[in-house]
Amino acid sequence: MGDVSKKNSLPLVICCLLMAALFAVSASFQFNDPDWYFWIPLYATASIVNLVNSVEEAPNSRTRRMAKFALLLGLSLFIKVGIEGFVRGINGFWSLDLRDRIAREKFGSGLVIISMFLFLENSSDPTRRLYPTRIAKYGMPILVGVAYGISFFFFAFQHNEMRF
């Protein structure tokens, strides 16, 4: 039998599974996007990293490399949509008006960035699994709450008013 203290906590497992599901759904929504070739790899990689994180005690180097790739791609796409929004004058930097495509892409890439940062922060040192920092312990549940809360609000109340 393995050491129970090294297992992922149930809240972390649930949070990782919820984020993996959200990123998988996000990847499936990208097929009608003109730049799908950026977004599908971003969301698919983030989904796989979260899925692996939910079942593995200690992530291997391949998973960490995938997380670093998703983090860098997410940062690149976040900057891309930020510049695109600024040039087109569509919405402000902090806008969460998810009716606009640029705000949705900024929100999605931001979720990937935060999720991969939390994963890398939590997996950087083996003792972090036993004694996680506050950001590693509370970051994922807060991220899940924000991601699902804002997504639910958008799909429940603003979905019919989408602008592309």
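So the sequence shown is residues -27 to -1, 1 to 137, counted in mature numbering (1 follows the signal peptide of the UniProt record, and there is no 0). Glycine included, every Cβ here is placed at the ideal spot set by N, Cα and C. Remember, it's a predicted structure, so these values are computed and weren't measured experimentally.
Between I86 and G47 the beta-carbon gap is near 4 Å, inside 8 Å, which marks them as a contact. Annotation note: the region 76 to 118 contains no uninterrupted beta strand (DSSP E) run of length 3 or greater. Counted as a single uninterrupted DSSP element, the alpha helix (DSSP H) harbouring R61 occupies residues S34 to R61. Taking the Cβ atoms as the reference, L(-16) lies roughly 6 Å from M113, within the contact range of under 8 Å. Around the CB of P7, fewer than 16 other CB atoms lie within 10 Å, so the residue is classed as exposed. F(-5): member of the alpha helix (DSSP H) spanning L(-18) to S1, first to last residue. About 5 Å separates the beta carbons of N23 and M(-9), which is inside the 8 Å limit, making them a contact pair. Separation of the CB atoms of A(-1) and I13 is rounded to 5 Å, and the pair is thereby assigned contact status at 8 Å.
Annotation: I63 to F127 spans about 18 Å, alpha carbon to alpha carbon.
A distance below 9 Å separates the beta carbons of K41 and M89.
The shortest C-alpha to C-alpha distance from S20 to any of F92, K110 and R77 is the one to F92.
Short of 6 Å from the beta carbon of S82, and not among the five residues preceding or following it, lie these beta carbons of its own chain, in chain order: G47, L50 and F51. Scanning Y10, A129 and S97 for the CA closest to the CA of A109 turns up S97.
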